Each structure stands twice: as C-alpha cells, then as structure tokens.
Amino acid sequence: MPKGSLDTHLFGKKSPLPWAVRYKISLGLASALLYLHEESEPCVRHRDIKPSKVLLDSSFIVKLGDFGLAKLMDHELRPQTTRLVGTLG
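Numbering of the sequence shown is given in UniProt numbering, commencing with residue 1 and proceeding in unit increments.
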C-alpha cells in the first residue's frame, strides 16, 4: 500500500498525522469492522487487529489485512470466547 501500515505512522520516524487524517483512519477502520461483524455473510471476526494490519492507500483509505486468525461465525450465534488468540499486547 502506498502509505504503508498505520504502525509506521504511529511508531516510525514520520511526522505525526494531522487530526483530520487520524479521524478519517478511525472512521475507515470502524466501517470495516461494522461490515465484517454485521453486514457480511457469514460474520467475520478478525481476532488480531493492530496498527501493522491497518493498511493505508495513497488517500489514507483504510484496508484491513492479514485474516490468518479470522473466524467465520453465524450472526445468530453469540460470540463465545474460550481461549485467547491474536497478538499479546
């Protein structure tokens, strides 16, 4: 992706993102999660969202990447957590 991942902007040596761009990225990520959790069939749980998996195009449009730990679920079933997955914080 032309602008790389979000972690390079948060933790790299680049200048801080303007608040308008941060807001745009936040809305884009929220929109992606809404689609995965509510609108896709079946429901997709990513289970490992972190800045390095939030990819940014040339206009700072968010693309969510790396679905290696994702889980497909039925909308009718309530999510049940039985074990910890993803990257430990």
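Glycine residues also receive a C-beta, built at the ideal position from the N, C-alpha and C atoms. What you are looking at is a predicted structure, and each value in this text was computed from that prediction instead of being measured.
Best match in the options for proximity to residue i [C-alpha to C-alpha]
i: residue 53; options: 45, 47, 64 and 60; result: 64
Whether residue i touches residue j by CB criterion (8 Å)
i: residue 55; j: residue 46; result: no
i: residue 57; j: residue 2; result: yes
i: residue 28; j: residue 61; result: yes
i: residue 6; j: residue 51; result: yes
i: residue 44; j: residue 70; result: yes
Presumed contact (8 Å Cβ cut-off) between residue i and residue j, rounded CB distance
i: residue 42; j: residue 72; result: 5 Å
Same chain only: Cβ atoms within 6 Å of residue i, ignoring 5 sequence neighbours per side
i: residue 24; result: 60
i: residue 14; result: none
Contacting residues, own chain, Cβ-Cβ under 7 Å from residue i (five flanking each side not counted)
i: residue 67; result: 46
Those residues which DSSP pairs with residue i across a bridge
i: residue 64; result: 54
i: residue 73; result: 43
i: residue 5; result: 55
Own chain partners of residue i with C-beta closer than 8 Å, once the 5 adjacent residues on each side are dropped
i: residue 22; result: none
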